[in-house]
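Residue numbers (the UniProt record's numbering): 1 to 127.
Ideal Cβ positions, reconstructed from N, Cα and C, are used throughout, including at glycine.
Here it is as structure tokens:
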């Protein structure tokens with residue numbers, strides 16, 4: 001796969017294959033294309049996280065250097081996010097600092113704090 005269109009075609013083929021498999025088993029359950037996109041995004045995010053931890057410039061078998069691979073994963077993740085309006089369920093961010101104050105809000109599953117990232121104010125959601 002070299003373009004987002006190729007990835008979208010692959011997702012659609014995966015969707016059709018899963019739908020056919022579900023139909024073979026007689027289940028009426030529909031598999032949403034968005035759930036497949038979510039799986040691909042989770043994979044891309046995991047690749048980004050693991051590539052970020054790799055400090056070497058070892059060659060990637062398809063994309064060359066890890067830097068090129070990282071950029072392609074990031075670009076694809078962004079384009080999928082814009083196209084399907086979906087985000088990965090987890091995201092590792094570096095250089096984010098809490099300002100040390102108590103939480104400014106929260107809910108059943110997380111707390112919200114003030115913080116900074118590269119000298120910009122951000123909110124930090126902590127489960």
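Residue i to residue j span [Cα, whole Å]
i, j, result
"residue 37", "residue 69", "19 Å"
"residue 50", "residue 107", "30 Å"
"residue 80", "residue 40", "9 Å"
"residue 75", "residue 93", "17 Å"
"residue 85", "residue 9", "18 Å"
"residue 105", "residue 123", "10 Å"
"residue 67", "residue 117", "22 Å"
Residue closest to residue i, alpha-carbon to alpha-carbon, out of the options
i, options, result
"residue 35", "49, 12, 50 and 48", "12"
"residue 88", "6, 48 and 118", "48"
"residue 119", "105, 103, 67 and 98", "98"
"residue 73", "115, 42, 113 and 121", "42"
Beta-carbon spacing of residue i, residue j below 8 Å
i, j, result
"residue 110", "residue 96", "no"
"residue 45", "residue 91", "yes"
Sheet register partners of residue i (DSSP bridge)
i, result
"residue 106", "111"
"residue 121", "116"
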